[in-house]
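Since the structure comes first, as structure tokens, the remarks are kept for the end.
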Amino acid sequence: MQEIMAIEGFGVIEIKNKIRALRSTYLQELKKIKDSKKSGAGADSVYVPHVKWFADMHSFLQCLDNKRPTQDNLIVIFSKATKQATATTSTFQAPSLSKRKKSNMQQVSAVLRNLKYIANEVSKEPSLNQFVIFGNSVAAQLQNLTIVNALLTQEQIQSLLTKFRIRELQSVSATAPPPRINAVMALHHRLPRPLHHM
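Note that this note's numbering has the sequence shown beginning at 125, numbered continuously upward.
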């Protein structure tokens, strides 16, 4: 799997950790969807995941096993995919391949392509910190409000952010001299000084 993905610095340990992280995030998003459906909310209020790769992972997990489309353990699935990839690679140069082996190899290749895409997408996402997590939490809570209350809440949050941003800018501008004054002073020092007559 490491050789097929060909991502520099992305070894076996990194792959295992990434799979665990993907699995955890995927199952959390899935639970949010189910919880929003159980709450009796209308179609407009059903939780929609904001993770870019969720739809891709969800679709290919369903293709892998229609009997248990959303509850499969990702580590088990990718372990099976790795074993199949190893088995098919070792028999790839045989003179003839059965249709079943070809189908398995195509399926494994599709899974690995999807995994590589997801890994790349995850690496592009900003690292989670307290502010990103808080932002996601606020977004989730806004989605549970009516559209009017959500907009009113959003307006108040934005008003507070604007207020403190302006305060910071004023604090910075109070400690530093305005750019125009600096430019005038620099120009003054460059001008030739008049000669004093004795």
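Glycine included, each C-beta is placed from N, C-alpha and C at the ideal position. All figures in this text were calculated on a predicted structure; none of them were measured in a lab.
Query: Counting C-beta neighbours from all protein chains within 10 Å, is the total for L146 16 or more, i.e. buried, or is it exposed?; Result: buried
Query: Going by alpha carbons, who is nearest to V256 out of V296, H174, K156?; Result: H174
Query: DSSP on K176, reduced to helix/strand/coil?; Result: coil
Query: Please return the same chain residues whose Cβ sits closer than 8 Å to the Cβ of Q278, not counting the five positions on each side in sequence.; Result: L266
Query: Does DSSP put Y241 in a helix, a strand or coil?; Result: helix
Query: I260 and D180: beta carbons closer than 8 Å?; Result: Checking the displayed sequence, the identity of residue 260 turns out to be Asn instead of Ile. No, the Cβ-Cβ distance between N260 and D180 is not below 8 Å.
Query: What does a CB cutoff of less than 8 Å around A274 pick up in its chain, not counting 5 residues either side in sequence?; Result: L266, Q267
Query: On the DSSP letters alone, give me the boundaries of the alpha helix (DSSP H) that Y150 sits inside.; Result: 136-162
Query: Out of I281, L185, I290, L284, point me to the one whose CA is closest to V235's CA.; Result: L185
Query: Tell me the DSSP secondary structure of V296 in three-state form.; Result: helix
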